[in-house]
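What follows is a set of notes on a single structure, which appears directly below.
Protein chains in written order, with this note's numbering: chain E, 1 to 365; chain C, 1001 to 1365.
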């Protein structure tokens, strides 16, 4: 976001947990502290015109306290809670008549069995907030497995949400921006390729998506932004079912991995758009600047240092846009991404995939 | 340059004269000190992989000292001196057979008279380095005026260069990048509109420029980059004469005002390209992402604060890209610029001009 803030001449300050957090490395005046400490939050907010987020983990109650003290929190806690708590998200979206997989909050063995009877096994259990043992999502094949998850969750005070396992042909993401006075803008709907639950690639616009389906996905995202009172960027991750319908999977109220393509591929990138939205400035044009844009994440693998790989990647393809986050390399960690502007999906995917694979050390020749 | 450095995951440090210099406001670890103090330069260079510049004012001798001490200075002093000293520039370009206006170093009344006899009055006098009374260029109408300038210069130890006043139809700029191992890339040749010696607008590509003339301008710039051993970005400002030829006006060995369009308008912006070049990374694609790109400078005028004007500018035209530098507003000072991607020159110029005029306070409705 600092790149966009520099362009706009907007002074960005960050609350970081550690001095070597990526954001802290690229801007002055960083405050080091915990985002779940109300005193730290109060001190940080002092002198800020607007407070915004790059993750969902600031406790909702603390955000209410800050709002009560006059801080402009954007998105506000009444909106953000729907990105923090999957149970509240499902309740609200269902109230609004928006398309969700079958779901239920489950607290007992009977709840688990009833849900299994209704949708069949396997189904999905999710922690409504956080998770345990480093996980927040479990696919359970039968009642016994479901009971194990429930027992583990109960021990730790974690509430569970059950969802039908949707048979989908692909995942889509609809991103919109909305400002406090209600202006909204919808980016093209994109397809995201997830492997083991991690976003690997994004194709813009979603290849072969009929206009009616794209408009419906955008309508869903705009409705959510409006009805939940979102300010800033909203990403609505969706499943596309075999019969072409879309079902809402997750919400994120911040710039999102599925929108990184826009940093090079749209007239207004999502980080600039987020700043414009939370500052209540008019929103920017969302038009892509190429017929096809492809983003590929760089996941840490073998290379301890990515920089030496630049020479090959940049020589091989002078059009690849490299974005590295200044994070230490750990296997599986998102440490950067590449964007490619192209004319055909096949060509752009091949170029982005090669660059990302080389940067992570998957290709050694 | 910090925006590009963030994208590449490259750690940029700046030597600034004051803590509120624009660059110091957007990156951590700024060192405050004078660029004409060798001890400061040595201390700053310690630990840098590469030293580069955003102006030409670091004394050539000090750069030689740093190079001798093993610092990678890019561009090096043997190249940079041609952007620092207009006399050396003219000598070298003439040796290389590159097209310059008629010129002479002038130190006496006879020199001034001889040059007037050769090219006629009015002609142009320039300080080879710096200037005096806040000026470095004088147009003299007759010998008496020329003598006045010479007397003032002599008093201050300033060397003068005389140049024919070129009758030109417009000004062009050819930007190229060159890396230490010799790779080079040429951006499209652009037209720049100068008013009172200050760049106001840039049109990309230069409208109506025949391909042969564009290729010739690029050849000139690539030749200069190679023969002078330039590393990083080089801008060659040129006059286009009524018969379609180009004559070299000035050189800049850094990202340049005539290349700001590329920040939004090319696959690789000039700041990223400069970093790639001085780091000896392969250069990026220079292709524009729109048929027409127009840049308009925002010059300080009446508004003490530009930010309140954002609402109008962004609402009026969501496609305008605003770049503000975090400088205090002073009349005539370049405090920012806007870029517009378009399909026709007329439309893009009108959009960029409106936005720049509104940001500076020239339009109040």
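Every residue, glycine too, gets a C-beta built ideally from N, C-alpha and C. On a predicted model such as this, the values are computed, not experimentally measured, just so you know.
Report the CB separation of residue i from residue j in whole angstroms; it is logged as a contact under 8 angstroms.
{"i": "residue 1128(C)", "j": "residue 1159(C)", "result": "4 angstroms"}
{"i": "residue 1301(C)", "j": "residue 1362(C)", "result": "6 angstroms"}
{"i": "residue 1261(C)", "j": "residue 1204(C)", "result": "5 angstroms"}
{"i": "residue 92(E)", "j": "residue 228(E)", "result": "7 angstroms"}
{"i": "residue 83(E)", "j": "residue 178(E)", "result": "Not a contact, Cβ separation roughly 14 angstroms."}
{"i": "residue 213(E)", "j": "residue 244(E)", "result": "6 angstroms"}
{"i": "residue 1041(C)", "j": "residue 1062(C)", "result": "6 angstroms"}
{"i": "residue 340(E)", "j": "residue 202(E)", "result": "No, residue 340(E) and residue 202(E) are not in contact; Cβ-Cβ is about 11 angstroms, not under 8 angstroms."}
{"i": "residue 1272(C)", "j": "residue 1008(C)", "result": "7 angstroms"}
{"i": "residue 1105(C)", "j": "residue 1161(C)", "result": "6 angstroms"}
{"i": "residue 1329(C)", "j": "residue 1303(C)", "result": "6 angstroms"}
{"i": "residue 334(E)", "j": "residue 299(E)", "result": "6 angstroms"}
{"i": "residue 141(E)", "j": "residue 121(E)", "result": "6 angstroms"}
Quick check on DSSP: helix, strand or coil for residue i?
{"i": "residue 181(E)", "result": "coil"}
{"i": "residue 1056(C)", "result": "coil"}
{"i": "residue 1168(C)", "result": "coil"}
{"i": "residue 1175(C)", "result": "strand"}
{"i": "residue 1013(C)", "result": "coil"}
{"i": "residue 144(E)", "result": "helix"}
{"i": "residue 96(E)", "result": "coil"}
{"i": "residue 1215(C)", "result": "helix"}
{"i": "residue 375(E)", "result": "Any question about residue 375(E) goes unanswered here, given that chain E covers just 1 to 365."}
{"i": "residue 1253(C)", "result": "coil"}
{"i": "residue 1109(C)", "result": "helix"}
{"i": "residue 1(E)", "result": "coil"}
{"i": "residue 163(E)", "result": "strand"}
{"i": "residue 1232(C)", "result": "strand"}
{"i": "residue 200(E)", "result": "strand"}
{"i": "residue 1292(C)", "result": "strand"}
{"i": "residue 1032(C)", "result": "strand"}
{"i": "residue 1088(C)", "result": "helix"}
{"i": "residue 1239(C)", "result": "strand"}
{"i": "residue 1336(C)", "result": "strand"}
{"i": "residue 1342(C)", "result": "strand"}
{"i": "residue 1246(C)", "result": "strand"}
{"i": "residue 329(E)", "result": "coil"}
{"i": "residue 1102(C)", "result": "coil"}
{"i": "residue 1278(C)", "result": "helix"}
{"i": "residue 72(E)", "result": "coil"}
How long is the line joining the alpha carbons of residue i and residue j, rounded to whole angstroms?
{"i": "residue 36(E)", "j": "residue 73(E)", "result": "15 angstroms"}
{"i": "residue 297(E)", "j": "residue 1239(C)", "result": "46 angstroms"}
{"i": "residue 1181(C)", "j": "residue 1070(C)", "result": "18 angstroms"}
{"i": "residue 1187(C)", "j": "residue 1217(C)", "result": "11 angstroms"}
{"i": "residue 144(E)", "j": "residue 164(E)", "result": "17 angstroms"}
{"i": "residue 64(E)", "j": "residue 156(E)", "result": "25 angstroms"}
{"i": "residue 279(E)", "j": "residue 1315(C)", "result": "14 angstroms"}
{"i": "residue 1338(C)", "j": "residue 344(E)", "result": "31 angstroms"}
{"i": "residue 4(E)", "j": "residue 325(E)", "result": "15 angstroms"}
{"i": "residue 1094(C)", "j": "residue 1195(C)", "result": "28 angstroms"}
{"i": "residue 191(E)", "j": "residue 1038(C)", "result": "55 angstroms"}
{"i": "residue 1347(C)", "j": "residue 1322(C)", "result": "17 angstroms"}
{"i": "residue 268(E)", "j": "residue 1267(C)", "result": "15 angstroms"}
{"i": "residue 68(E)", "j": "residue 1283(C)", "result": "52 angstroms"}
{"i": "residue 1270(C)", "j": "residue 101(E)", "result": "48 angstroms"}
{"i": "residue 242(E)", "j": "residue 167(E)", "result": "7 angstroms"}
{"i": "residue 1226(C)", "j": "residue 318(E)", "result": "21 angstroms"}
{"i": "residue 1199(C)", "j": "residue 211(E)", "result": "45 angstroms"}
{"i": "residue 1017(C)", "j": "residue 1305(C)", "result": "23 angstroms"}
{"i": "residue 1013(C)", "j": "residue 184(E)", "result": "38 angstroms"}
Could you tell me which chain A residues have their CB closer than 9 angstroms to the CB of residue i, listed as they occur along the chain?
{"i": "residue 314(E)", "result": "Among the chains of the structure shown, chain A does not appear; the protein chains present are E and C."}
Could you name the residues of the stretch 1280–1301 of chain C whose beta carbon sits closer than 9 angstroms to any beta carbon of chain E, in the order they occur along the chain? Taking 9 angstroms as the cut-off between beta carbons, the residues of the stretch 1280–1301 of chain C near chain E are 1280, 1281, 1282, 1283, 1284, 1285, 1286, 1287, 1289 and 1290, in sequence order.
Quick one: any contact between the stretch 344–362 of chain E and the stretch 296–312 of chain E, if contact means 3 or more CB pairs under 8 angstroms? Contact holds: three or more Cβ-Cβ distances are below 8 angstroms.
Across the stretch 171–180 of chain E and the stretch 138–156 of chain E, are there enough close Cβ pairs to call them in contact, namely three or more that are closer than 8 angstroms? The answer is no - the stretch 138–156 of chain E does not touch the stretch 171–180 of chain E, with fewer than three Cβ pairs under 8 angstroms.
Name the residues in the stretch 321–337 of chain E whose C-beta lies less than 8 angstroms from a C-beta of chain C; which are they? So the list reads 321, 322, 323, 324, 325, 326 and 336, given in the order they occur along the chain.
Between the stretch 47–54 of chain E and the stretch 1027–1041 of chain C, can you find at least three pairs of beta-carbon atoms closer than 8 angstroms? Because the criterion of three Cβ pairs below 8 angstroms is not met, the stretch 1027–1041 of chain C and the stretch 47–54 of chain E do not touch.
Would the stretch 243–259 of chain E and the stretch 15–28 of chain E be scored as touching if the rule is three or more Cβ pairs under 8 angstroms? At 8 angstroms Cβ cutoff, the stretches do not touch.
Listed from N- to C-terminal order along the chain, which residues in the stretch 24–39 of chain E have their beta-carbon within a distance smaller than 9 angstroms of any beta-carbon of chain C? Residues passing the 9 angstroms Cβ filter: 24, 25, 26, 27, 28, 29 and 30.
Taking beta-carbon pairs under 7 angstroms, can you tell me which members of the stretch 1042–1065 of chain C lie near chain E? Going along the stretch 1042–1065 of chain C in chain order, one finds no residue with a Cβ nearer than 7 angstroms to chain E.
Going along the stretch 1240–1269 of chain C in order, which residues come within less than 7 angstroms of chain E, judged by CB to CB distance? Only 1267 from the stretch 1240–1269 of chain C bring a Cβ to less than 7 angstroms from some Cβ of chain E.
Relative to chain C, which residues along the stretch 82–111 of chain E have a C-beta separation below 8 angstroms, given in chain order? Residues of the stretch 82–111 of chain E with a C-beta less than 8 angstroms from any C-beta of chain C: none at all.
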